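In mature numbering (1 follows the signal peptide of the UniProt record, and there is no 0), the protein residues as written are -21 to -1, 1 to 159.
Even for Gly, the Cβ is constructed at its ideal location relative to N, Cα and C.
Treat the numbers as computed from the prediction; the structure is a model and nothing was measured.
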């Protein structure tokens, strides 16, 4: 993990680790433009309330519900990045290796996040640890995608899709760490 990524993750964990379940839901549901592009505030709040209930309590079950919700948002954001990477690859007459690499890395990240999404209803520490491993692996896929472009730099259209997915995975990791 690069030093800058570690600092971002550390500052995210430091700032989120003391939040209650209600604060976490507010962070996700009331700021959808930041965390869930293409999702309006009413829709995000409604989806989170439907998933977790209107009477939020700071319990393990609520945290799991919010973690699952954030995981779903991360899947959607990563699928958006994957679709952009597919478009970038198709747009080139002779696709550059970085575009093809990024497309494969995004697809792999979607698979990891989809697998981790199934674990949120489990109750063991092992399941939460597995979520952490899968989320971290998805972030490593994003790093590989970025690194593949090297000096060319990641296309802006792709960066705008990868950044929200990265942030959502960070929050997902924090929540799973809060549970056990």
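- According to the DSSP assignment, residue 57 belongs to the alpha helix (DSSP H) that extends over 39 to 70.
- Contact between the region 36 to 50 and the region 128 to 145 is absent: fewer than 3 CB-CB pairs across the two stretches fall below 8 angstroms.
- Boundaries of the alpha helix (DSSP H) harbouring residue 127: 104 to 128, taken from the DSSP string.
- Going by DSSP, residue 83 is part of the alpha helix (DSSP H) stretching over 76 to 96.
- When the Cα atoms are used, residue 101 and residue 54 turn out to be separated by approximately 19 angstroms.
- In the structure shown, residue 156 adopts helical secondary structure according to DSSP, grouped into three states.
- Here DSSP, grouped into helix, strand and coil, assigns residue 143 to helix.
- One alpha carbon belongs to residue 50, the other to residue 71, and they sit about 32 angstroms apart.
- Annotation: residue 156 to residue 81 spans about 28 angstroms, alpha carbon to alpha carbon.
- Beyond the five residues adjoining it in sequence on each side, residue 106 comes within less than 6 angstroms, by CB distance, of 98 in the same chain, given in chain order.
- Only exposed fits residue 66, as fewer than 16 other CB atoms lie within 10 angstroms of its CB.
- Looking at 103, 92, 48, 46, the one whose alpha-carbon comes closest to that of residue 121 is 92.
- A buried status is given to residue 46, since no fewer than 16 other beta-carbon atoms sit within 10 Å of its beta-carbon.
- The Cβ neighbour count for residue 129, taken over all protein chains shown within 10 Å, is under 16; the residue is labelled exposed.
- By the criterion of a C-beta distance shorter than 8 angstroms, residue 127 is surrounded in its chain by 76, 77, 80, 81, 84, once the five residues flanking it on both sides are discounted.
- Within the same chain, no residue comes within 6 angstroms of residue 132 by CB-CB distance, once the 5 residues on both sides are set aside.
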